[in-house]
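If you want the numbering used here, it's the 1-based position in the sequence shown plus 1. To start, the structure itself, in structure tokens.
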Amino acid sequence: MKKVVILGLCGILFLTGCGKDSKKSSEVLKDHGKTIITISMANKGCVPVRISFYDDGVYELFNEYETCKPGTDCDAVLTFTKSINGKYEYDLNKIIEKSNSNPSFEVDNMPIYEIYPGEGYEGENYYFTINQNDNHEELDELLNKINVNLDECAKANYIE
């Protein structure tokens, strides 16, 4: 009977993503390289998750943020409190080369992704977009490689 209970519990943990290969949120990294680029979804009806790529080969997916409870007066600044991190090997310039460095928005070609270069970026532009009609094969390739989905909302952690 004990073996069945233990096996059942292990099965539940595996199915809910608590297995050894699952990614778990932890505190935001304090020590990392210079930010090359940060990418998030544009025009979401929520606070989207955000991913930063650092020049030391580490990425950080920000997925939880601090905010005030609904219905209360709030002057909180968006502060991410949890993230998932891992390693990446990819030429980020491939993504930037395929993005719009002078974004113009039309109703039938709105931005899907916003890309912000950081202090580790060695270019001149300060803002890029990937629009609906753009080919974003390179970004999809990278996200699939590191098993990240940017089409999610970050989780709100309410403060008092």
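Ideal Cβ positions, reconstructed from N, Cα and C, are used throughout, including at glycine.
Worksheet item: The beta strand (DSSP E) with residue 156 in it runs from where to where?
Response: 156–160
Worksheet item: Got a sec: is the Cβ-Cβ distance from residue 36 to anything in chain D below 8 Å?
Response: The structure shown contains no chain D; it is built from a single protein chain.
Worksheet item: Which same chain residues, not among the five before or five after residue 121, have their C-beta less than 8 Å away from its C-beta?
Response: The answer, listed in chain order, is 34, 35, 36, 37, 55 and 56.
Worksheet item: In this structure, does DSSP put residue 30 in helix, strand or coil?
Response: Residue 30: coil per DSSP, three-state reduction.
Item to complete: Tell me whether the beta-carbon of residue 47 lies closer than 8 Å to the beta-carbon of residue 160.
Response: no
Worksheet entry | Candidates 134, 97, 80 and 154: closest to residue 126 by CA position | 97
Item to complete: Give the secondary structure of residue 132 by DSSP, where H, G and I count as helix, E and B as strand, and everything else as coil.
Response: strand
Worksheet item: Which same chain residues, not among the five before or five after residue 24, have their C-beta less than 6 Å away from its C-beta?
Response: 85
Worksheet item: Are the beta-carbon atoms of residue 136 and residue 99 separated by less than 8 Å?
Response: yes
Worksheet item: Can we say the segment 63–77 touches the segment 142–160, given the rule of at least three CB pairs closer than 8 Å?
Response: yes
Practice prompt. Can you have a look at residue 132 and say buried or exposed, based on whether 16 or more other CB atoms are within 10 angstroms of its CB?
Written response: buried
Worksheet entry | Close-in-space but distant-in-sequence residues of the same chain around residue 27 (CB under 6 Å, 5 per side omitted) | none
Worksheet item: Roughly how many angstroms lie between the CA atoms of residue 95 and residue 87, to the nearest whole one?
Response: Computed Cα separation, rounded: 20 Å.
Item to complete: Within 10 angstroms of the Cβ of residue 71, are there 16 or more other Cβ atoms? Answer buried if so, exposed if not.
Response: The residue is exposed, with fewer than 16 neighbouring Cβ atoms inside 10 Å.
Worksheet item: Alpha carbon to alpha carbon, what distance is there between residue 130 and residue 106?
Response: 10 Å
Item to complete: Measuring alpha carbon to alpha carbon, tell me which of 116, 123, 128 and 146 ends up nearest residue 51.
Response: 116
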